[in-house]
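Participant: Got a structure for you, questions after.
There are 2 protein chains.
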Amino acid sequence: MDWKPNRYEEKPLYKQITDYMKRKIERGEWGYDTKIPSQRYLASWFNVNRSTIVSALQNLIAEGYVEGEYGGGTKVTYGKWEKQSPLPNWTAYIEKGSHYPNQPFIQKINQYEFEKDLIRLGTGELSADLLPKKLFQQLMSSADETDFHLGYSEPKGDVQLREAISKRLREKGIYTTPSSILIVSGALQAIQLLSLSLLERSARILVERPSYLYSVNALQSAGIKLIGIERSMNKPLSIEKVEQLKNRFDLSLFYVNPTFHNPTGALMGEDERKALVENSIRMGLPIIEDSAYEDLWIDEKPPLPLKSYDKSGQVLYLGTMSKLVSPGLRIGWVVGQEGVIERLADTKMQTDYGSSTVSQYVARRWMLSEKYEEHGAYVRKMLKKRRDFMQFLLECYFSHLATWTIPKGGFYIWVVFHFPLNFDKLFKKGVEKGILIAPGHIYDRLDRTSLRLSYSYASLEEMDKGLRILAELIEKEVLMQKKENKL
Amino acid sequence: MDWKPNRYEEKPLYKQITDYMKRKIERGEWGYDTKIPSQRYLASWFNVNRSTIVSALQNLIAEGYVEGEYGGGTKVTYGKWEKQSPLPNWTAYIEKGSHYPNQPFIQKINQYEFEKDLIRLGTGELSADLLPKKLFQQLMSSADETDFHLGYSEPKGDVQLREAISKRLREKGIYTTPSSILIVSGALQAIQLLSLSLLERSARILVERPSYLYSVNALQSAGIKLIGIERSMNKPLSIEKVEQLKNRFDLSLFYVNPTFHNPTGALMGEDERKALVENSIRMGLPIIEDSAYEDLWIDEKPPLPLKSYDKSGQVLYLGTMSKLVSPGLRIGWVVGQEGVIERLADTKMQTDYGSSTVSQYVARRWMLSEKYEEHGAYVRKMLKKRRDFMQFLLECYFSHLATWTIPKGGFYIWVVFHFPLNFDKLFKKGVEKGILIAPGHIYDRLDRTSLRLSYSYASLEEMDKGLRILAELIEKEVLMQKKENKL
């Protein structure tokens, strides 16, 4: 990971770090007025004691590179005295952009996931050892030179991959030709493309609440408002309520996650699906069906996708390879009316000129591979074991603190505590103790009682350790709350 | 390519086509009110005579699936009588999207490039036989299971790839650490990310005129205005003029393509570069340096990039693997101040969750490969041959019609005709005669006299044939113009 000071060099560590930071400043990587990362962060980054960082910073201050500010911050001053003219103040630019930054929470999670050895209790991906790495290495190794290409991709994506996908979709009752399929870099890009291509700024769309969509800013940044509809794990969706909201807010679309919903794990039943498609046609409320977790059933196959009940092109269906096979491959697909697909493809061409042909080639070979079914069966078996184990752990450590419902598939258990908690504090304390959690307010800003747990990523040992730590932290917090109330 | 009727089946071709189109309509791929592609398009798509298409459409009309409209259009009517309710009118949605569709011209070019055997005289990519396909197949074949991963990528991209890039950048006088580099899916995505992250809607940026940026809507769709500065192949950029425009329009950035400019092939000299960087710091006008063609020098190495003269973080530098190595890999990079890179990385995470790890892995191995230099030398040699040949052909066929300047590298020759031409008509006629051209008005809306020729894609034989056809078409057009003036 990046540069680290070398313990075997003669030059002392603090001096090495001073020189490194000087170079970064002199080259403009840390420009004038940049706020330097905290001492704690730098110490962890360079893997040294905090005192070493303090020495390095003192050096930099003495040489006029940075200035310590009251309150602990340190800012770059280099360049101020040298030039007579305004230096680029990128900070101002950064604040101007129309795309919202990620929530600080999610930024932190993104960082911690790559920087620290934390037990990840909420991460939405399969553990690396469940991904078919060996198989993919074989698929790559046996790449036939005549079979893949290095040139640009077609606007809708490699036609052979689209054919392979349309074949797989038939198994799910979705009959479609390759020209109604668009290859994208995962479902998230699909959402971004449709927000740019099909919705005007200030459009309103319906989402379940809580929803994964609250955790990404693709729609909000395009000026689109999310209207939430309460969604319980155990009750079917109220069509009446959908209709009320549709009329009240002039809704453009309904974004639904009917199969092993993220974050609650809820599963829509067959009758519920049929009713939703029928009624959405009646109401004129098109549906975006995000099916990311569809193949991750544990107890039994879920009902067919909404798209399979749709003969009018009402449903835009999003699929992905990220959840079962490889998040890193960045291959997903959108199925819908041909004109819609063409508009999305056109926007995609202007956004990134199409998905990687190398990825598409590997994805195609995977879709056609005989290992496809085998891998799915293996992952489902392992997920069952993991889900059951997490359930067992929850009963051990959390039964007095919270309730939860066991999902029939997907990655997540939505844990609802008996009382509100300060999740910002818990998150911070958790990181200190070596665990990373995904608080419910990421998926519903008003939520103060829930947590998205995932049994997909951490190992069984880690789950045990992590949940024990978490329970202890929460118990302490509860004790503290009680004490404060007593005082 | 997609479905085609089968000549060896008993069912007649028109009937097969009728059934295929019925299925598409019944499943909602062609929804109610969709305009069906033209007869000519369908005939080419299914590779049948136009009369076969006419029979199929007559069948569909008789069965109530479509309706012929006055003027030749055909629209889907299926579904109208069946439901009592409004069907989703995606057409309306498509028109609402805030992202502009591609110019019809570019849409057509994108389509034709994949649909027809046309001689591509303006395409901005290397011919497939110049791309290192065999080498890439080897890189993939020797993939080491322990060396790549299938999980999500870090926000800034694979750190080993960023290290490999920072090493290569040193050869160009750019000293930077991996934490100031962001991996993107090519320069186009970089432009999109910065338009979303650093610029407010209604911001104005300076671009050379003509410019490749006029051909993509990434900036315009984000509400950003392009202000053009006339750029001649042979004269240095006027700093005075830049300053005037900066003050007049309150410009936020200057997007520059200093090395083998797209579309004119212009090359900025060393002194010009130094002056531009110095003055942009003085004026407070940050620079986006798009260096896509930098490695494609033919006669001699170009001066060092603008970024190498920049010690204050004034310049955001965009690099790509698309032009020299593989457009399909979708790997590029942005180098800039760390805070800016982090903001762009955050937006990228929200856009597509990072670039493909498989692509990044192959790209990293390429960057570190000993074949890297060899391939560059080979492509440069071949480009020289191609450029010289195109120059020869231009002299043969175009010397009485136009002027042009020979570029010292890159892909393009900018041909300026002695008189305005109707390029819309020429484009259409060209397609009929088997050639695909890139009219100058794609890169400068007011342009009526120029053409972007590319010597990178078509074979020498195709160049000869294609330019001959083009010259003939233009001569006819000129004759016609003269006649009309005479009448």
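In order, the protein sequences belong to chains A and E.
Last residue of the first sequence? That's 487 in the numbering used here, and every number before it is there in order.
Last residue of the second sequence? That's 1487 in the numbering used here, and every number before it is there in order.
Glycine included, C-beta positions come from ideal geometry on N, C-alpha and C.
Any chance you could list the alpha helix (DSSP H) runs of at least 4 consecutive residues sitting entirely within the stretch 401 to 442 of chain A, in chain order?
Facilitator: Fully enclosed alpha helix (DSSP H) runs of 4 or longer: 423 to 433.
Participant: What does Glu1484 (chain E) reach in chain A if we use C-beta pairs closer than 9 Å?
Facilitator: Simply none; closest approach about 36 Å.
Participant: For Leu1182 (chain E), list the residues DSSP reports as bridge partners.
Facilitator: Partner(s): E:Val1334.
Participant: When you compare only the Cα positions, how much space is there between Tyr372 (chain A) and Val325 (chain A)?
Facilitator: Roughly 9 Å between the two C-alpha positions.
Participant: For the beta strand (DSSP E) containing Lys1075 (chain E), name the first residue and the last one.
Facilitator: That run of the beta strand (DSSP E) goes Thr1074 to Val1076.
Participant: Classify Glu1497 (chain E) as helix, strand or coil using the three-state DSSP reduction.
Facilitator: The structure shown does not extend to residue 1497 (chain E), since chain E is modelled only from 1001 to 1487, so the question has no answer here.
Participant: Please check if any C-beta of chain A sits within less than 8 Å of the C-beta of Val1159 (chain E).
Facilitator: True, the Cβ-Cβ gap to chain A drops below 8 Å.
Participant: Gly1186 (chain E) touches chain A at which residues, Cβ-Cβ below 9 Å?
Facilitator: The contacting residues are Asp352 and Tyr353.
Participant: If we define contact as Cβ-Cβ less than 8 Å, is Ile109 (chain A) a contact residue for chain E?
Facilitator: Not one chain E Cβ lies under 8 Å of Ile109 (chain A).
Participant: Within 10 Å of its beta-carbon, does Pro439 (chain A) have 16 or more other beta-carbons around it, so buried, or fewer, so exposed?
Facilitator: Buried.
Participant: So what's Ser450 (chain A) in DSSP terms, helix, strand or just coil?
Facilitator: It is a strand residue.
Participant: Just list the beta strand (DSSP E) runs in the stretch 97 to 153 of chain A, keeping only unbroken ones of 3 residues or longer that don't cross its boundaries, in chain order.
Facilitator: The stretch 97 to 153 of chain A contains no whole beta strand (DSSP E) run of 3 or more residues.
Participant: Closest to Tyr1014 (chain E) by C-alpha separation, out of E:Val1048, E:Arg1023 and E:Lys1035, would be which residue?
Facilitator: Measuring from the Cα of Tyr1014 (chain E), the nearest candidate turns out to be E:Val1048.
Participant: By the three-class DSSP mapping on this structure, what secondary structure does Glu1370 (chain E) have?
Facilitator: Looking at Glu1370 (chain E) - three-state DSSP - the assignment turns out to be coil, as it is neither helix nor strand.
Participant: Could you tell me if Gly64 (chain A) is buried or exposed, where buried requires 16 or more neighbouring beta carbons within 10 angstroms of its beta carbon?
Facilitator: Per the 10 Å Cβ criterion, exposed.
Participant: Would His261 (chain A) be called buried (16 or more neighbouring beta carbons within 10 Å of its own) or exposed?
Facilitator: It is buried - the Cβ of His261 (chain A) has at least 16 other Cβ atoms within 10 Å.
Participant: Given 7 Å as the limit, tell me if Tyr361 (chain A) has its C-beta closer than that to any heavy atom belonging to the ligand GDP.
Facilitator: The ligand GDP is not part of this structure, which contains no ligands at all.
Participant: Is there a Cβ of chain A sitting closer than 8 Å to that of Ile1094 (chain E), yes or no?
Facilitator: So, interface residue.
Participant: Using alpha carbons as the reference points, say which of A:Ser456, A:His441 and A:Gly186 lies closest to Gly410 (chain A).
Facilitator: Nearest C-alpha to Gly410 (chain A): A:Ser456.
Participant: Taking C-beta pairs closer than 7 Å, name the residues in chain A that Asp1346 (chain E) reaches, listed in chain order.
Facilitator: Within 7 Å Cβ-Cβ: Pro101, Asn102 and Gln107.
Participant: In whole angstroms, what is the alpha-carbon distance linking Gly336 (chain A) and Leu344 (chain A)?
Facilitator: Roughly 10 Å separates the two Cα atoms.
Participant: Anything in the stretch 1018 to 1036 of chain E with a Cβ closer than 9 Å to a Cβ of chain A? List those residues in chain order, please.
Facilitator: Correct list: Tyr1020, Arg1023, Lys1024, Glu1026, Arg1027, Gly1028, Glu1029, Trp1030, Gly1031, Tyr1032, Thr1034 and Lys1035.
Participant: Starting from the Cα of Phe1427 (chain E), find the closest Cα among E:Val1416, E:His1418, E:His1441 and E:Val1242 and give me that residue.
Facilitator: Taking only the C-alpha atoms, the option nearest Phe1427 (chain E) is E:His1441.
Participant: What does the Cβ neighbour count give for Glu1240 (chain E), buried or exposed, with the cut at 16 atoms within 10 Å?
Facilitator: The residue in question, Glu1240 (chain E), is exposed, as its Cβ has fewer than 16 Cβ neighbours within 10 Å.
Participant: State the Cα-Cα distance for the pair Thr52 (chain A) and Ser1195 (chain E), rounded to the nearest angstrom.
Facilitator: Taking the straight line from one Cα to the other gives about 40 Å.
Participant: Between which two residues does the beta strand (DSSP E) harbouring Lys235 (chain A) extend?
Facilitator: It is not in any beta strand (DSSP E) - Lys235 (chain A) carries neither H nor E in the DSSP assignment.
Participant: Between which two residues does the alpha helix (DSSP H) carrying Val1054 (chain E) extend?
Facilitator: Looking at the DSSP string, the run of the alpha helix (DSSP H) that includes Val1054 (chain E) is Arg1050 to Ala1062.
Participant: Under 7 Å Cβ-Cβ, which residues of chain A neighbour His1149 (chain E)?
Facilitator: Chain A residues near His1149 (chain E): Ala128 and Gly328.
Participant: Distance cutoff 8 Å, beta carbons only. Does Trp543 (chain A) sit that close to anything in chain E?
Facilitator: No statement about residue 543 (chain A) is possible, as the shown extent of chain A runs from 1 to 487 and does not include it.
Participant: Does the pairing of the stretch 1138 to 1146 of chain E with the stretch 1271 to 1278 of chain E give three or more beta-carbon distances under 8 Å?
Facilitator: Segments in contact, no.
Participant: Taking Met349 (chain A) as the query, report the chain E residues whose CB atoms sit under 7 Å from its CB, ordered along the chain.
Facilitator: Within chain E, the residues near Met349 (chain A) are Asn1102 and Asn1110.
Participant: Against chain A, does Asp1424 (chain E) count as a neighbour if the rule is that its beta carbon must be under 8 Å from one of theirs?
Facilitator: It does not: the Cβ of Asp1424 (chain E) has no partner Cβ on chain A nearer than 8 Å.
Participant: Check whether chain A comes within 8 Å of Asp1388 (chain E), counting only Cβ atoms and requiring the distance to be less than that.
Facilitator: Judged by the 8 Å Cβ criterion, Asp1388 (chain E) is not in contact with chain A.
Participant: Taking 8 Å as the cut-off, decide whether the C-beta atoms of Gly31 (chain A) and Ser1197 (chain E) are in contact.
Facilitator: It is not a contact, given that the beta carbons lie outside the stated cut-off.
Participant: Does the Cβ-Cβ distance between Ile1205 (chain E) and Leu1219 (chain E) come in under 8 Å?
Facilitator: For Ile1205 (chain E) and Leu1219 (chain E), yes; Cβs fall inside 8 Å.
Participant: So, Glu546 (chain A) versus Pro258 (chain A), is the Cβ gap smaller than 8 Å?
Facilitator: Because chain A spans 1 through 487 in this model, residue 546 (chain A) falls outside it and cannot be assessed.
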